[in-house]
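Asks:
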Amino acid sequence: MDKLDITNMNDLTNQNLIHNNLIQNNIHDAINILIDNKYTYAMNIKIELAEKEGRKKYEYLSDMEVIYYYVHFERDMDEKKNRKRDTKQIYLKELLTFCQTLIKDADVFDIRGEEVEKKGSLLQGLAPWNIRRYNDWLKTAKLGRGGKPYSVATLAKKVTIIRSFLKHLYTMSYIEAPLHEELQKANVRSEDRPNRDLSYGEVMQILEYYRQKRDIFSYTILLALASTGARIQELCQARVKDLFYAEGKYWLRVTGKRDKQRDLFISDYLFQCICEFRKRRGYETDIKTGDIMPLLLNRNGKIYNFRILSNQVTEMVAKTGLEFLKYRENPVTAHTFRHAFAIMSVEEGNADLYHLMHTLGHESIKTSQIYLEKYMKRKNNVGVGFADKLK
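Oh and the sequence shown: position 234 is 235 in our numbering, straight run, nothing missing.
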């Protein structure tokens, strides 16, 4: 349904294109429906009708339609500045989970069913105390890693999305009270950030494990992450045509956040590993201009799903059973190798924050500083210079 038959405008106002019962569906299934932007035209027609009648902008939208419209709403003429599909999926997951939780534990949050039923809307039936109770529950619910409460960083992400959504509903007069003000902010301090540091020696131990195993597939993926500083999604999306030779070196052109491109240095050894990887998969190793085949292919000869591969990388590292892993507070993930890349740059004396920022594709030099923060505090601890001498 790319366009809607609007011959009968009254029928349109009574038609919920995206039904509220999606809230109670499996979240994964609901996201698969809501991620498609084909309903945006119809949403705009319903909004336009309300405006022409002098009503509130979202007068004819259901809760699900409001969530859908908020997630897909484009704020900028430049497509690159609007939410990407992956970001939309994150927003949908958080907002659907928020609504599902309110419905499932309505008694905990003291949600008045008669008010929700009267207004025909969960969101419009919410009161300030419901959000305050949800806020308290969110801080203590043991839904985080290892059955513990969410980390401050996770809380910050969730609260930011929900606050933004509720503020939007209030601004558009879909809800009457500024419910977003009842959610506490979650400010992430440096000590709240998970330890993602990984040293050169630890990286080498992980690589050596898979070198000994002669597992070219795991080895190449881990080597590519550690030696380029690439995001896992960037590697998954790379095509053969993106690999090129210039100034006597191999380079890989990747597309990062906000569709910004940058070139990653590919060592001769990594290039040889990539060739062997492709050869073992049964594909050509020649670099061909215009070849849109994925550079790294899964066992089915298809592009890697970056979320699945990210989980596999975590499993790869855990499988090594290396001694240093026992003392880590957080598991080593694909993202950890970006931190390792930054730390190894410092350890080898090649680090310059400005150039590191551009190599990693960061928007701000402050992000690059965060990558090095914990490592530099340990490195510059004055006790390192003399404490080992005390017997």
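From the three backbone atoms N, C-alpha and C, an ideal C-beta is built for every residue, glycine too.
Using the three-state DSSP reduction, which class does Asp260 fall into: helix, strand or coil?
Replies: If DSSP states are grouped into helix, strand and coil, Asp260 belongs with the helices.
Asks: State the Cα-Cα distance for the pair Ile217 and Ile309, rounded to the nearest angstrom.
Replies: So the alpha carbons of these two residues sit roughly 18 Å apart.
Asks: Check Val333 in the structure and name its three-state DSSP category.
Replies: Val333 falls in the coil class under three-state DSSP.
Asks: DSSP beta-bridge partners for Pro129?
Replies: Looking at the DSSP assignment, Pro129 forms no beta bridge with any residue, so it has no partner.
Asks: Looking only at DSSP bridge pairs, what is Phe387 linked to?
Replies: Note: Phe387 sits in no beta bridge, so no partner.
Asks: If you draw a straight line from the alpha carbon of Asp287 to that of Leu18, how long is it in whole angstroms?
Replies: Distance between the alpha carbons of Asp287 and Leu18: 50 Å.
Asks: Just to confirm the assignment: which complete beta strand (DSSP E) runs, minimum length 3, are found wholly within the region 138 to 164?
Replies: Runs found: none.
Asks: Rounded to whole angstroms, what is the Cα-Cα separation between Asp243 and Ile233?
Replies: In a straight line, the C-alpha of Asp243 is about 16 Å away from that of Ile233.
Asks: Whether or not the region 198 to 209 and the region 329 to 338 are in contact is what I'm after, with contact meaning three or more pairs of Cβ atoms, one per stretch, closer than 8 Å; do they touch?
Replies: Judged by Cβ distances under 8 Å, the region 329 to 338 makes contact with the region 198 to 209, as three or more pairs qualify.
Asks: For Leu184 and His169, what's the separation of their Cα atoms in angstroms?
Replies: Their Cα atoms are separated by approximately 14 Å.
Asks: From the DSSP secondary-structure annotation, give me the bridge partner or partners of Ile267.
Replies: Paired residue(s): Tyr251.
Asks: Can you tell me the Cβ-Cβ gap for Ile32 and Leu93, rounded? I've got them flagged as a contact below 8 Å.
Replies: Going by Cβ atoms, the distance from Ile32 to Leu93 rounds to 5 Å, so yes, they are a contact pair.
Asks: Under 6 Å Cβ to Cβ from Lys280, same chain only, skipping five residues before and after it: list those, please.
Replies: Within the same chain, Lys280 has close Cβ partners Thr286.
Asks: Is DSSP giving Phe307 helix, strand or coil here?
Replies: Reduced to three states, the DSSP call for Phe307 is helix.
Asks: My output table needs one value for Arg84: the three-state DSSP class, helix, strand or coil.
Replies: Reduced to three states, the DSSP call for Arg84 is coil.
Asks: Would you call Glu374 buried or exposed, if buried means 16 or more other Cβ atoms sit within 10 Å of its Cβ?
Replies: Glu374 comes out exposed.
Asks: Between Asp6 and Asn83, what straight-line distance do the alpha-carbon atoms span, to the nearest angstrom?
Replies: Note on Asp6: pLDDT 46, under 50, position unreliable in the model; no value is reported.
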